[in-house]
Amino acid sequence: MKKEEAMEIAPKRSLLLCEYIIQILSDAEKVNGEIEINFTKINNERMVTFDIYVPSKNFEEHLNTGITTQQIDVLTEQILNDLIDNFLESETMGCSRYYSIRGGYGMNMDGVNLVNNIGSIIKLNFVCRGDKFDEQIQNYNAKLDEYENQQKNNIKLK
């Protein structure tokens, strides 16, 4: 897969991911879920997948993004930008800073939390990461810091 192809598909897949997140967080009941940005081998190619789990709703979905792991950086960049665009200024939902936890089997987390105002949490875990991931995360966290500083300055001005 060429980078141009991934750049064409990535916005659509990222939008789909955000729609799933919004739908899950819009539930009237408090829910906990996890979405893994992972990969699997399909037709002899390693393809990026979205693995969505919401146990309390008995919901599990595995979506093939159509993007190869070679182009994961294109998709990650799009997702991080869309998280900021969709959740940073929302009054009912939000996104956390990136964090990384290393634990025992199955306990590793490299991602962000998406939350709503009733306490629901979706852990978005970037299991599949590209070469530019650290730089992309630094930019993502910097945007969150910038927004937080703007909010603090706005409060001081009032």
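The opening position of the sequence shown corresponds to residue 1120 in the numbering used here, with each subsequent residue numbered one higher.
We put the CB at the ideal spot given by N, CA and C, even for glycine.
C-alpha gap between A1129 and G1223, whole angstroms: By 1-based counting over the sequence shown, the position of residue 1129 is 10. By 1-based counting over the sequence shown, the position of residue 1223 is 104. The straight-line gap from Cα to Cα measures roughly 32 Å.
First through last residue of the alpha helix (DSSP H) which encompasses M1126: Within the sequence shown, numbered from 1, the residue matching residue 1126 stands at position 7. M1126 -> alpha helix (DSSP H) spans K1122 to L1144.
Per DSSP, the bridge partner or partners of C1214: Looking up residue 1214 in the sequence shown gives position 95. Per DSSP, L1233.
One or two residues paired with D1170 in a DSSP bridge: The residue labelled residue 1170 in the question sits at position 51 within the sequence shown. In the DSSP output, where bridge partners are listed per residue, D1170 has E1155 and H1181.
I1186 and L1199 closer than 7 Å at C-beta: Position 67 of the sequence shown holds residue 1186. Position 80 of the sequence shown holds residue 1199. In this structure, L1199 does not lie closer than 7 Å to I1186 by Cβ.
Neighbour-count burial assignment, D1204, 16 or more Cβ in a 10 Å radius: One-based indexing of the sequence shown puts residue 1204 at position 85. Result: exposed.
DSSP state of N1205 mapped onto helix, strand, coil: For the purposes of this step, residue 1205 is taken as the residue at position 86 of the sequence shown. Three-state DSSP puts N1205 in a helix.
V1167 and G1152 closer than 7 Å at C-beta: Here residue 1167 refers to the residue found at position 48 of the sequence shown. Here residue 1152 refers to the residue found at position 33 of the sequence shown. Cβ distance not < 7 Å, so V1167 and G1152 don't count as in contact.
Beta-carbon proximity of G1249 to D1192, cut-off 7 Å: As a first step, residue 1249 is located in the sequence shown; it is residue number 130 there, counting from the start. As a first step, residue 1192 is located in the sequence shown; it is residue number 73 there, counting from the start. Yes, the Cβ-Cβ distance between G1249 and D1192 is below 7 Å.
Boundaries (first-last residue) of the beta strand (DSSP E) holding N1163: Position 44 of the sequence shown, counted from the start, is the residue given in the question as residue 1163. Unbroken run through N1163: none, as it is neither H nor E.
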